[in-house]
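Number of protein chains: 2
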Amino acid sequence: MTAAPQLERRRAGSARRRVLDTATRLFYAEGIRAVGIDRIIAEAGVAKATFYHHFPAKDDLVRTYVEEQSRLQRDHFARMPRAEPREALLTVFARIGEAGGDPHFRGCVFLNAAAEYPDAGHPVRRAVDDHRRWFHGLLAGLLEAGGDPDAARTADILVALRDGLVVGAHLDDPHRVRALIGDAVTRVLDGPRPTGRPGGAIP
Amino acid sequence: MTAAPQLERRRAGSARRRVLDTATRLFYAEGIRAVGIDRIIAEAGVAKATFYHHFPAKDDLVRTYVEEQSRLQRDHFARMPRAEPREALLTVFARIGEAGGDPHFRGCVFLNAAAEYPDAGHPVRRAVDDHRRWFHGLLAGLLEAGGDPDAARTADILVALRDGLVVGAHLDDPHRVRALIGDAVTRVLDGPRPTGRPGGAIP
DNA sequence: ACTTTACTGGACAGACCTGTCTGGCCCCGG
DNA sequence: CCGGGGCCAGACAGGTCTGTCCAGTAAAGT
């Protein structure tokens, strides 16, 4: 009980919290490379030494930012009310349309971050990969529970669809995307399966 | 006959050509902000003054890069052999799978560029928009020719699918994406339509 | 032979970047 | 009361960025 207060002090992490919040806002709105440390610490009202005390380098801040966004999304879906698999799937996709309506919407945190880190082995890219694997697993689980005969494949397609919808809501028209989400998901879920073709998977 | 040689000199545009080629390679491989002018002119073997003679600012080079890539893709599809609309559609999507197999593949030129330019009104973003409108029109035209009852809607979905597939081929597994393209497109094309529901569009 | 034009090589300015360091304040636990 | 750690303020170093400028070369057209 003597070590805990050190980690849980009243103001402990307050500066760190402000840095991370500011970085999250600026990184998402303007891009990661486009936002410098000086700008972050100025808007967060934090000394430079304090920043480098909490984050050894800028990339550590970026990685933390991406990881936290992933955690927030996972928490959000974990707190989603229980529903039938298919309904849950539609809810997941409906959220894309809602997010696109936000005036601050600027696409997917993870896709945007990945676009700025060409090196696939970079910690930031790994964090993105982790998030994508989680999301694929979430969809595959719902599909399996819903009795989809090839949940992994359908999940692959739905992940692609989700990425494309988010991109479209950002670069094209959010309202049009919102209007077509249900149609698109239904086509993927209920569209014809290749296994139905005679002479299919098994030779 | 007197003005033409000035524009078509033997070496005229040679330096410009080298700059644009080098920039194309580096921008795509490493990102736009990540590549500086000094690096481009060094690898292109061009003097700095020459660079700024052809491109008033870096953003002009970037815009030219994006526009040229758009033109190249349009030319490619224009030279595509005539085929039935549906077959042509499948060919368009099959190319995504092929591109993903290239070891230098690093996603979509236009999505990557857009991710680095948050301002939607920026000339680079406009060039990206132009390209996306063209691509949507290409798909919509093929769908209409193929007798799709709601070509614009289906084109919207296919554009989203295309974006997601390209993203997946870059961030996830190119081989898996390649294997599911046909399935995905078929589901979207032949999946159930909302208009088929009783009490549909017309109240 | 003269002019025009693209091009070279490199110095230079001014801004911005990340990251380090010093010095001191303030609050909380012991 | 006092020690330590979180925090602040800002100078500083070393590098990179974009963009300007100058002086000179080489080749094309007239």
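These protein sequences, in sequence, are chains A and B. Residue 28 in the numbering used here sits at position 28 of the first sequence, with consecutive numbering throughout. Residue 1053 in the numbering used here sits at position 53 of the second sequence, with consecutive numbering throughout. Each residue gets a CB set at the ideal place from its N, CA and C atoms; glycine is no exception.
Any beta carbon from chain B within less than 8 Å of residue i's own beta carbon?
i: R176(A); result: yes
i: G31(A); result: yes
i: G118(A); result: As written in the sequence, residue 118(A) is Pro, which differs from the Gly given in the question. It does; some Cβ of chain B falls within 8 Å.
i: V62(A); result: no
i: A57(A); result: no
i: D102(A); result: no
i: D172(A); result: yes
i: A184(A); result: yes
i: R132(A); result: yes
i: R25(A); result: no
i: A34(A); result: yes
i: R106(A); result: yes
Give me, in chain order, the residues of the same chain whose beta-carbon lies closer than 6 Å to that of residue i; leave out the 5 immediate sequence neighbours on both sides.
i: F93(A); result: I181, V185
i: L207(A); result: Absent from the model: residue 207(A). The displayed extent of chain A is 1 to 203, so no value can be given.
i: A88(A); result: L142
i: P1123(B); result: R1063
i: H54(A); result: R16
i: S70(A); result: H131
Span of the alpha helix (DSSP H) holding residue i?
i: V1166(B); result: 1151-1171
i: G182(A); result: 174-190
i: R18(A); result: 14-30
i: A44(A); result: 37-44
Would you say residue i lies against chain A (beta-carbon separation less than 8 Å)?
i: P1081(B); result: no
i: R1187(B); result: yes
i: V1128(B); result: yes
i: A1114(B); result: yes
i: D1156(B); result: yes
i: G1164(B); result: yes
i: P1192(B); result: yes
i: A1140(B); result: no
i: D1038(B); result: no
i: R1153(B); result: yes
i: V1159(B); result: yes
i: V1167(B); result: yes
i: P1203(B); result: Low confidence applies here, because P1203(B) scores a pLDDT of 40, under 50, leaving its location unreliable and the question unanswered by this model.
i: L1180(B); result: yes
What does a CB cutoff of less than 7 Å around residue i pick up in its chain, not counting 5 residues either side in sequence?
i: A1100(B); result: A small correction: the amino acid at residue 1100(B) is Gly; Ala does not occupy that position in the sequence shown. So the qualifying residues of the chain are A1169, P1174, V1177, R1178.
i: E1116(B); result: G1031, I1032, R1033
i: R86(A); result: G146
Taking 8 Å as the limit between beta carbons, can you name the residues of its chain near residue i, skipping five residues before and five after?
i: V1167(B); result: G1107, C1108, L1111
i: L20(A); result: L61, T64, Y65, E68
i: D1183(B); result: none
Pull up the CB-CB distance for residue i and residue j, whole angstroms please, since I reckon it's below 8 Å.
i: L1143(B); j: F1077(B); result: About 15 Å separates the two Cβ atoms, so there is no contact after all.
i: I292(A); j: A47(A); result: Because chain A is modelled from 1 through 203, residue 292(A) falls outside the range shown and cannot be assessed.
i: H1104(B); j: A1029(B); result: 7 Å
i: R187(A); j: I1157(B); result: 7 Å
i: A1044(B); j: R1018(B); result: 4 Å
i: D190(A); j: P1192(B); result: 5 Å
i: A1155(B); j: A1140(B); result: 4 Å
i: D1163(B); j: D163(A); result: 6 Å
Counting only runs of 3+ residues fully inside the segment 54-123 of chain A, write out the beta strand (DSSP E) ranges in chain order. none
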